[in-house]
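Worksheet for the structure shown next.
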Amino acid sequence: DGGITQSPKYLFRKEGQNVTLSCEQNLNHDAMYWYRQDPGQGLRLIYYSQIVNDFQKGDIAEGYSVSREKKESFPLTVTSAQKNPTAFYLCASSIEVRNSNQPQHFGDGTRLSIL
Amino acid sequence: EDQVTQSPEALRLQEGESSSLNCSYTVSGLRGLFWYRQDPGKGPEFLFTLYSAGEEKEKERLKATLTKKESFLHITAPKPEDSATYLCAVPMDSNYQLIWGAGTKLIIKP
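Respectively, the protein sequence lines represent chains A and B.
According to my numbering, the first sequence is numbered sequentially starting from 477.
According to my numbering, the second sequence is numbered sequentially starting from 6.
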């Protein structure tokens, strides 16, 4: 079955620690996205990538970093500079960024908490 | 400013009691409106895309409609398994990125 796999499902971060969230897709989609979901708020875009070796900041990129070395993979690193990292992180993909006819498809998320 | 607002924040219904959820938006040139369902601890699941005023789409007990300024998700004779948070999103005018509403949490009591 085609889809998006996020791991781990739960992650705990210690003070001053960087952590990396994994996102893999086998949908052959060019575009990938990282969102943050907090209670009572809409999804907020952290980073997105339109193609391998290219990515752009979203609305809340500070304290996060990404890479896109392979079409299938778009890992997100939450750095120690992100002072409020506790949230539900969602990875998504779509055929391409500029095709608004095509929906984004989501993984099942990673819940990050502070120890 | 581009904005998406969903109402109500939460809705409790008895099984079989029909109702509607609202998604209003302020983008000037609509390039589509997306509805998603999200179960607790899961990612959003795509339901519908609507493109133009007057358009309607149906899936089982759900029907989505679109006007120039808002969309409705009508739920007919809901069952407990329809309980979820329903999200809507529209592409921004400037860069095609999606603006998301905060969602409506729907609870269907047996």
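The C-beta atom is built at its ideal place from N, Cα and C for all residues, glycine as well.
With 16 other CB atoms within 10 Å as the buried threshold, where does Gln-493 of chain A fall?
Sequence index remark: in the first sequence, residue 493 of chain A carries index 17 (1-based). It counts as exposed.
In chain order, what residues of the same chain have a beta carbon less than 6 Å from the beta carbon of Ala-15 of chain B, not counting five sequence neighbours either side?
As a working note, residue 15 of chain B is residue 10 in the second sequence. Contacts found: Lys-110.
At least one CB of chain A closer than 8 Å to the CB of Ala-107 of chain B: is that the case?
In the second sequence, residue 107 of chain B corresponds to position 102, counting from 1. So yes, Ala-107 of chain B belongs to the interface.
Per the DSSP calculation, Ala-107 of chain B is bridged to which residue(s)?
For the purposes of this step, residue 107 of chain B is taken as the residue at position 102 of the second sequence. The partner list for Ala-107 of chain B (beta bridge, DSSP) is empty, contrary to what the question assumes.
Does the CB of Phe-39 of chain B have a neighbour CB from chain A at under 8 Å?
Along the second sequence, read from residue 1 onward, the residue named residue 39 of chain B stands at position 34. Yes, because at least one Cβ of chain A sits closer than 8 Å to the Cβ of Phe-39 of chain B.
With burial defined as no fewer than 16 other Cβ atoms inside 10 Å of the residue's Cβ, what is the status of Ser-525 of chain A: buried or exposed?
Counting from 1 along the first sequence, the entry for residue 525 of chain A is found at position 49. With 16 or more Cβ atoms within 10 Å of its Cβ, Ser-525 of chain A is classed as buried.
CA-CA distance, Ala-507 of chain A and Thr-555 of chain A?
Reading the first sequence from its first residue, position 31 is the one you call residue 507 of chain A. Reading the first sequence from its first residue, position 79 is the one you call residue 555 of chain A. Straight-line Cα distance between these residues: approximately 23 Å.
Using CA atoms only, rank isn't needed, just tell me which of A:Thr-496, A:Phe-488, A:Tyr-486, A:Lys-490 is closest to Ser-549 of chain A.
As a position in the first sequence, residue 549 of chain A is number 73, starting the count at 1. Measuring from the Cα of Ser-549 of chain A, the nearest candidate turns out to be A:Thr-496.
Taking Ala-579 of chain A as the query, report the chain B residues whose CB atoms sit under 7 Å from its CB, ordered along the chain.
Taking the first residue of the first sequence as position 1, residue 579 of chain A is located at position 103. One point to set straight first is that residue 579 of chain A is Pro, not Ala, in the sequence displayed. By Cβ distance, chain B contributes Phe-39, Phe-51, Thr-54.
Is Pro-96 of chain B helix, strand or coil when you go by DSSP?
Walking along the second sequence from the start, residue 96 of chain B turns up at place 91. DSSP places Pro-96 of chain B in strand when its eight states are reduced to three.
Chain A residues whose Cβ lies nearer than 7 Å to that of Tyr-91 of chain B:
On the second sequence, residue 91 of chain B is found 86 positions in, with the first residue counted as 1. The contacting residues do not exist; Tyr-91 of chain B stays about 13 Å from chain A at best.
Within the stretch 29-102 of chain B, note down every full beta strand (DSSP E) run reaching 3 residues or more, in order along the chain.
38-43, 50-55, 61-64, 67-71, 75-80, 89-96
8 Å is my cut-off, CB to CB: does Lys-62 of chain B come that close to chain A?
Looking up residue 62 of chain B in the second sequence gives position 57. It does not: the Cβ of Lys-62 of chain B has no partner Cβ on chain A nearer than 8 Å.
Mind checking if Arg-574 of chain A is an interface residue toward chain B, Cβ cutoff 8 Å exclusive?
Counting from one through the first sequence, the residue named residue 574 of chain A turns up at place 98. True, the Cβ-Cβ gap to chain B drops below 8 Å.
My understanding is that Pro-85 of chain B touches Pro-115 of chain B, with C-beta atoms under 8 Å, so please give their C-beta distance in whole angstroms.
The residue you call residue 85 of chain B lines up with position 80 of the second sequence. The residue you call residue 115 of chain B lines up with position 110 of the second sequence. Rounded, the Cβ-Cβ distance is 5 Å, consistent with contact.
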